[in-house]
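Residue numbers (our numbering), protein chains in the order written: chain A, 694 to 1588; chain B, 545 to 654.
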């Protein structure tokens, strides 16, 4: 009978999972294992019939764990422990010997791994710091903040870390199952007057429950009552010292913006790793008494104000219950208030610093995505270092097959050989850890200074858990680096290894090694090319013609001062060629706006704006297409009648068919937070970039800034734009600061050049470029080290061949060519993969977000490749030339 | 107190072993218990109890032959020792003494 029935074929019978059987055999006492395995098998057979193969195997697996009990587990035998201990000792000894015997390769391995690991260490330290945020709050796991998702009637929507006061009030009134809730508001700021001194002070308005929810320990004062009465203020120890010096601050009164406050408490300083940072807390009732009639303050839709609501939920409570109640509140309130549709959600305290970036965040958060990307990039660099180790170990495997063979003959099992090679890898990686820890210390300040935000976000100070994480990381890296060689060696048969090394199929390994080199170089090239392209694009963006000039313009924040005196004093300086005033700095991501209506009175559209004086346009060299600058100089806001718009606005409202000349004299309704009136177009300017370069050209309208703007109760904080013509900017800045001090001795001078603002607006880009640049530097170092090792190894093994070639008459040039050909091919393959990939990535993913970007040039595309090629060729060349020049007699005579 | 008192489940297992005689191995004991005690009995529990009974010296065990349905593994058969038998007898006589002390009136009212 040639055909067998499938079910009686022994291999076709369903078997219990092998791992579970091995697991039981491993942990179970041998005398129990026999019948236990038998019993389970019997049940397995029954389950196949009643429940099917899949579930039977599943049950078997679960049972394997169920029988892990005190009476089944075999006690660790002294002899195995002893053998393990002795073997580890022996592994350590042979590893150290092997590492120190091959100094060059060990150095390459250790340095390469150290470079790669330094990135890992930085990332671990970074994660450690981010995770330690708000960990000091005793009830941290039960604290939540309200996040508001708002969709405004005007059509834009956004997600805010803040919410409206009304949301907080409604939660306190209507939501059950909340232990505590606190409304806070971050815009407390003023000049505190103590005796004759004036000191600026900032802080939060906060409800008394805030101190119960959070763990900010109070040094003096009553936690329960400190924030109860209006005009109570609680200071931190540092701010108390700042205000009162050595004097006792508790119980004193002080004047802030001419209102009297009582110091009702002193808190310990806010820890660095707290997402809430404040100098002082002012009772929320202070704000409530003052804002009773402010409709904006009480409105449901005012989520854009900096109010924050924190909840403390009871233990074991379900957020879903609370969320359901919140949903119900939102539904009713959104009906009543048509200005915006608001949806509020709960955000756990520990997710605040690691979550998505929200508008009105108290401190900038680190988006999880960014961390994943960083982690991914770091992983690539670390893996690249691991490749080096794997590659060199396998390349040199020929020399060690004998050793492995002998070990196996004496009785070493696979697992022991594996253990030996892993031990060796881990020793190398631990050695690398020492070096990379040194690199970490050197790199730490550089990395923190990459982005100014980081300076305020992390400290990267070394703690014990961090050191433990470092060590665990080093061991993990060692295992990853050593696992492939370990498996390769463990699988070698003793016979083969001892009889004829060349019969071992290392050629399979050769292709594998080559592909590792290609992967390594491809990644390196992607890194460096991205850096080049990114840098060139970034420089283009900074130098982009925005449609007006930003050169030599210094923007000074008025900080509540009257502009006239300052303007006069500044104009008196010889270096100052002009001073203008404006509400905001445009083109850096700031926005100010109003709603404009043209003839069709129902059609109101958001138009971006800036409030400027008559010097602003000429100072910034805006191009007037028609009409003129502001003609009248009204003294009050009420008397303004003129508006200047750009072409886009004309097109948007179809004013005079977009013809600037005809548009002059047309009238528009303009309404903003400060005004609502009919204005006449007196000038049309050429389109310019009001937003950042990743945004389209926007409709813009300029309105006139009248002197009374600064006299209003809700003081507008404006800017002076000072145009300088100086050969010595440092000297000029010093003189301007002197002028500032003579006018405002309290507030520190806050002025920055327009170009600095623009640089900061694209700070993310620059940070990204710096990070990738840094990584590509590391990647090049690692890849070069690896290539160097390979070249040294290959030339060494081919020395005899080269000597014979030379004796037979080969020239140095031809020998260099023969030796380096293989590597050159690998580099070319990497380039062919990496360059188009990078180009497409930038063209299709990155630069799409910047509609006004310059095309990618050939220079930046090939620049990185040339740099990498140059380094690689120097390394290959130096080694091969050395080999080619060796006297063949020296090599050949020793045989 | 080891070996002096029998738990309720231990007693059941001992009785089952005695009843099954030459066929008393773990899976058979589980099946038998399921049939007579009318409750679902887990292999793990029986295994642990058998192990404990053997430690107490109430049963002894020997390995049988390997069979195919057990994946080539042998059965472990259990037998009562003298100590095991006397423990059963002792428990039973103790119970009967207690039963006998109950006046028959109690049963009528129940």
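From the three backbone atoms N, C-alpha and C, an ideal C-beta is built for every residue, glycine too.
For residue i, the three-state DSSP class (helix, strand or coil)
| i | result |
| --- | --- |
| residue 908 (chain A) | coil |
| residue 652 (chain A) | No information on residue 652 (chain A) is available, as it lies outside the stretch 694 to 1588 that chain A covers here. |
| residue 1382 (chain A) | coil |
| residue 877 (chain A) | strand |
| residue 1575 (chain A) | helix |
| residue 1319 (chain A) | strand |
| residue 632 (chain B) | helix |
| residue 1333 (chain A) | coil |
| residue 1395 (chain A) | strand |
| residue 1500 (chain A) | helix |
| residue 608 (chain B) | strand |
| residue 1313 (chain A) | coil |
| residue 1062 (chain A) | helix |
| residue 953 (chain A) | strand |
| residue 642 (chain B) | helix |
| residue 922 (chain A) | coil |
CB contact below 8 Å: residue i versus chain B
| i | result |
| --- | --- |
| residue 767 (chain A) | no |
| residue 713 (chain A) | no |
| residue 745 (chain A) | no |
| residue 760 (chain A) | yes |
| residue 736 (chain A) | yes |
| residue 753 (chain A) | no |
| residue 730 (chain A) | yes |
| residue 764 (chain A) | yes |
Whether residue i touches residue j by CB criterion (8 Å)
| i | j | result |
| --- | --- | --- |
| residue 1224 (chain A) | residue 1466 (chain A) | yes |
| residue 817 (chain A) | residue 1125 (chain A) | no |
| residue 1174 (chain A) | residue 806 (chain A) | yes |
| residue 1372 (chain A) | residue 1335 (chain A) | yes |
| residue 884 (chain A) | residue 929 (chain A) | no |
| residue 876 (chain A) | residue 1039 (chain A) | no |
| residue 1333 (chain A) | residue 1396 (chain A) | yes |
| residue 1483 (chain A) | residue 1210 (chain A) | yes |
| residue 734 (chain A) | residue 709 (chain A) | yes |
| residue 867 (chain A) | residue 1018 (chain A) | yes |
Range covered by the alpha helix (DSSP H) that runs through residue i
| i | result |
| --- | --- |
| residue 1372 (chain A) | First-last for residue 1372 (chain A): 1369-1378, but that is the beta strand (DSSP E), not the alpha helix (DSSP H). |
| residue 1149 (chain A) | 1145-1150 |
| residue 580 (chain B) | 570-581 |
| residue 986 (chain A) | Residue 986 (chain A) -> no alpha helix (DSSP H), and no H or E assigned at all. |
| residue 1095 (chain A) | 1090-1103 |
| residue 1589 (chain A) | No answer is possible for residue 1589 (chain A): it lies beyond the span of chain A, which begins at 694 and ends at 1588. |
Cα-Cα separation between residue i and residue j, rounded to whole angstroms
| i | j | result |
| --- | --- | --- |
| residue 1449 (chain A) | residue 1282 (chain A) | 13 Å |
| residue 1568 (chain A) | residue 1513 (chain A) | 10 Å |
| residue 754 (chain A) | residue 744 (chain A) | 15 Å |
| residue 949 (chain A) | residue 987 (chain A) | 21 Å |
| residue 1347 (chain A) | residue 1384 (chain A) | 22 Å |
| residue 1386 (chain A) | residue 1393 (chain A) | 15 Å |
| residue 887 (chain A) | residue 947 (chain A) | 6 Å |
| residue 1042 (chain A) | residue 726 (chain A) | 50 Å |
| residue 588 (chain B) | residue 724 (chain A) | 17 Å |
Min CB distance residue i to chain A below 8 Å
| i | result |
| --- | --- |
| residue 558 (chain B) | no |
| residue 645 (chain B) | no |
| residue 588 (chain B) | yes |
| residue 568 (chain B) | no |
| residue 609 (chain B) | no |
| residue 627 (chain B) | no |
| residue 551 (chain B) | no |
Limits of the unbroken beta strand (DSSP E) element including residue i
| i | result |
| --- | --- |
| residue 1034 (chain A) | 1033-1041 |
| residue 838 (chain A) | 836-845 |
| residue 1445 (chain A) | 1444-1446 |
| residue 898 (chain A) | 890-899 |
| residue 1362 (chain A) | 1360-1364 |
| residue 623 (chain B) | 617-624 |
The ligand FMN heavy atom lying under 7 Å from the CB of residue i
| i | result |
| --- | --- |
| residue 1161 (chain A) | The ligand FMN is absent from the structure shown, which contains no ligand whatsoever. |
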